[in-house]
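**Student:** So in my numbering, spot 77 of the sequence shown is number 92, and the numbers just go up one at a time. C-beta atoms are modelled at their ideal positions from N, C-alpha and C, and glycine is treated no differently. Just so we're clear, the structure is a prediction, and the values are computed from it rather than from any experiment. Mind having a look at this structure? Questions to follow.
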Amino acid sequence: MKFLYEILKQNSVSGDESETSDFLLQYIDQRKNYWNVLPEIYSGEDFHDCILLKFGVPRTAVFAHMDTIGFMSRYNNQLISVGGPEIIEGTNLEGRDSLGEISCKLKGDENAISHDFPRGIDPGTRLSFAQNVRIDEEFIQAAYLDNRLGVYTAMELCETITDGWVIFSTYEEHGGGSMPFLLKFIQETSPIKQALIADITWITEGVQFHNGVVISIRDKFIPRKKFIDKIIELVSESGIPYQLEVEEYGGSDGREVQFSPYAIDWCFIGAAEENVHTPDEKVSLADLEAMIKIYPYLLERL
Numbered sequence: 016m017k018f019l020y021e022i023l024k025q026n027s028v029s030g031d032e033s034e035t036s037d038f039l040l041q042y043i044d045q046r047k048n049y050w051n052v053l054p055e056i057y058s059g060e061d062f063h064d065c066i067l068l069k070f071g072v073p074r075t076a077v078f079a080h081m082d083t084i085g086f087m088s089r090y091n092n093q094l095i096s097v098g099g100p101e102i103i104e105g106t107n108l109e110g111r112d113s114l115g116e117i118s119c120k121l122k123g124d125e126n127a128i129s130h131d132f133p134r135g136i137d138p139g140t141r142l143s144f145a146q147n148v149r150i151d152e153e154f155i156q157a158a159y160l161d162n163r164l165g166v167y168t169a170m171e172l173c174e175t176i177t178d179g180w181v182i183f184s185t186y187e188e189h190g191g192g193s194m195p196f197l198l199k200f201i202q203e204t205s206p207i208k209q210a211l212i213a214d215i216t217w218i219t220e221g222v223q224f225h226n227g228v229v230i231s232i233r234d235k236f237i238p239r240k241k242f243i244d245k246i247i248e249l250v251s252e253s254g255i256p257y258q259l260e261v262e263e264y265g266g267s268d269g270r271e272v273q274f275s276p277y278a279i280d281w282c283f284i285g286a287a288e289e290n291v292h293t294p295d296e297k298v299s300l301a302d303l304e305a306m307i308k309i310y311p312y313l314l315e316r317l
C-alpha cells in the first residue's frame with residue numbers, strides 16, 4: 016500500500032491540484048509499461064490538471080476526483096472553508112505560502128474561523144488537515160480518504176483494464192467544474208454510454224462497516240433505475256460483498272454526468288466512511304477491498 020501512503024501525503028485542496036496531478040503522472044509513467052494495455056494519456060494545461068487515460072476501445076468511464084476539502088486564508092488571520100470541512104477547534108492544519116511552510120491550529124466555530132499561526136498568511140493560501148495515517152487489522156483512518164481511496168481504486172484498475180476511460184478530475188469538492196469539458200472531450204474522442212464514480216460515501220443507519228462496497232441507488236440526484244438494476248444484477252453474481260445506499264442528500268461527479276448534454280448512465284460505487292470531512296475519516300479495509308475488486312469486474316462486463 017506504499018502508493019496509497021504516498022497519495023495521502025499529497026495536498027490538493029480544490030483549485031490547487033497541480034502537484035497531485037504531477038505526482039500521479041509520474042506514477043503512471045513508471046507503471047504504464049507493466050499494465051495489460053498501454054493507455055493514451057491526456058493531461059496538462061489543456062485539461063486544467065485533470066488526467067484522462069484511454070485504454071483500448073472504451074464503453075465505460077471511471078471518474079475519481081483528486082481534490083480535497085480544506086481552508087483558504089483571507090485577511091487578519093481569518094479562514095474560509097473550501098468544500099465542506101468539519102470545523103473542529105484545535106485541528107492541526109498545514110500549507111505553504113511565499114514565506115515558507117505553515118503549521119497551525121484551527122480556531123473558532125461555524126460562524127467564524129481563524130488560525131493561530133504567529134504571522135500573517137498570504138491571502139488565498141490553501142490549508143489542509145495535517146495527515147496522520149493509522150491502519151490496523153480492520154480499518155484505515157486518515158484525513159482525505161475521500162477521495163484518495165477513489166484515486167487508489169482507479170489506479171489499481173489501470174493494472175488490468177483492457178477497454179475503458181480512467182479519469183482523475185478536479186474541483187469536485189467545491190461545486191465541480193471540470194466534468195463538462197472532460198465529458199465533451201471524451202464524447203468527441205472515444206464516446207461512452209456509461210460512467211462509474213469511484214468515490215467515498217457515508218456510514219449511516221443503513222450502511223455499515225464490513226458489509227461491502229456501497230452501490231448508491233440515489234443521493235441528492237437520481238440515476239436511471241435501468242442502469243442501477245443492471246449494476247446490482249452483475250454484482251450479485253460476482254460474490255463481491257456489497258450494500259445498497261438510498262440517501263436524500265450528497266453528490267459527486269455523477270451530478271455533472273447527469274446534467275450534461277450527453278445520454279450517459281452513471282452509478283456511484285465506493286466504500287463508506289465515518290467521521291466525514293474530518294482529519295479522522297475511517298474506512299473498513301474489507302469494504303475497501305470489495306471496492307477495489309468491483310471495478311475490474313464491472314468494466315469487463317458492462
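Which of the three DSSP states, helix, strand or coil, is assigned to Q93?
**Tutor:** The three-state reading of DSSP puts Q93 in strand, counting E and B together.
**Student:** Quick one: what does DSSP say V222 is sitting in, helix, strand or coil?
**Tutor:** coil
**Student:** Give the DSSP-derived three-state secondary structure of Y186 in the structure shown.
**Tutor:** The answer is coil: DSSP assigns Y186 none of H, G, I, E or B.
**Student:** Short of 6 Å in beta carbon distance, which residues of its chain neighbour H292, apart from the five on each side in sequence? Order them along the chain.
**Tutor:** I84, G99, P100, E101
**Student:** I need the straight-line Cα distance from N226 to E220, nearest angstrom please.
**Tutor:** 12 Å
**Student:** Secondary structure at E288, three-state DSSP: helix, strand or coil?
**Tutor:** In the structure shown, E288 sits in a strand (DSSP, three-state: E or B).
**Student:** Per the DSSP calculation, Q209 is bridged to which residue(s)?
**Tutor:** In the DSSP output, where bridge partners are listed per residue, Q209 has T75, D280.
**Student:** Using a 10 Å radius around the Cβ and a threshold of 16 neighbouring Cβ atoms, would you call I237 buried or exposed?
**Tutor:** exposed
**Student:** Grab me the residues of R316's own chain with a C-beta within less than 6 Å of its C-beta, minus the 5 sequence neighbours each way, in chain order.
**Tutor:** The beta carbon of R316 lies closer than 6 Å to those of L249 in the same chain, with the five residues before and after it left out.
**Student:** How many angstroms separate the CA atom of V272 from the CA atom of R134?
**Tutor:** Whole-angstrom Cα-Cα distance: 43 Å.
**Student:** Quick check: G179 and F70, are their CB atoms within less than 8 Å of each other?
**Tutor:** yes
**Student:** Give me, in chain order, the residues of the same chain whose beta-carbon lies closer than 7 Å to that of E55; leave out the 5 immediate sequence neighbours on both sides.
**Tutor:** K69
**Student:** With burial defined as no fewer than 16 other Cβ atoms inside 10 Å of the residue's Cβ, what is the status of Y186: buried or exposed?
**Tutor:** buried
**Student:** Can you give me the start and stop residues for the beta strand (DSSP E) that Q156 sits inside?
**Tutor:** That run of the beta strand (DSSP E) goes 154-157.
**Student:** Counting along the chain, where does the alpha helix (DSSP H) carrying Y42 start and finish?
**Tutor:** 33-46
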